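A.B. asks: In the working numbering, the protein residues as written are 115 to 252. Cβ coordinates follow ideal geometry from the N, Cα and C atoms, glycine included. Source: prediction; values computed, not measured. The following block contains the structure, expressed as structure tokens.
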């Protein structure tokens with residue numbers, strides 16, 4: 115895991131969740147990408163590869179859902195089929211024509227109001243990921 119010092123801000127907010135999509139080769143690889151190393155966090159470093167890429171110091175794994183699908187799709191319903199933990203109508207309103215390219219990965223992080231400092235990232239080890247938006251918790 116890369117050691118990157120924490121930023122001097124955080125995005126923790128119990129009233130929102132942050133939504134991302136991606137292209138990742140396997141659920142195992144996605145789990146490695148999302149894994150929170152709490153020891154690193156306690157030492158002043160960002161505790162996950164996902165966090166390093168998006169400049170997110172910390173998120174609570176208990177309020178995160180990350181899934182890969184066997185098929186790529188432009189369709190929000192298909193990409194988020196196993197990750198519908200919020201009002202999909204809000205996401206559909208922001209993306210009425212579907213996604214800009216096919217994706218197979220959905221990431222939803224509760225209690226996080228990400229401000230979109232990094233919009234998208236190509237990580238050579240884990241894949242391509244894109245921030246879609248912030249939505250109110252249900």
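1) Report the rounded CA-to-CA distance for residue 214 versus residue 178, giving the unit in angstroms.
2) Give the DSSP-derived three-state secondary structure of residue 147 in the structure shown.
3) What are the boundary residues of the alpha helix (DSSP H) that residue 156 is part of?
4) What are the boundary residues of the beta strand (DSSP E) that includes residue 186?
5) Give a yes or no on whether the C-beta atoms belonging to residue 228 and residue 168 are separated by under 8 Å.
6) In this structure, how does DSSP classify residue 166 when only helix, strand and coil are distinguished?
7) Decide yes or no for the touch test of the stretch 186-203 against the stretch 144-156: beta carbon pairs closer than 8 Å, at least 3 of them.
8) Which one or two residues does DSSP pair with residue 119 in a beta bridge?
9) Residue 208: which of 139, 136, 160, 249 sits nearest, CA to CA?
C.D. replies: On the basis of the data shown:
1) C-alpha separation (whole angstroms): 24 Å.
2) helix
3) For residue 156, the enclosing alpha helix (DSSP H) starts and ends at 152-156.
4) 178-187
5) yes
6) helix
7) Cβ pair count under 8 Å is below three, so no.
8) 159
9) Comparing Cα-Cα distances from residue 208 to each of 139, 136, 160, 249, the minimum goes to 249.
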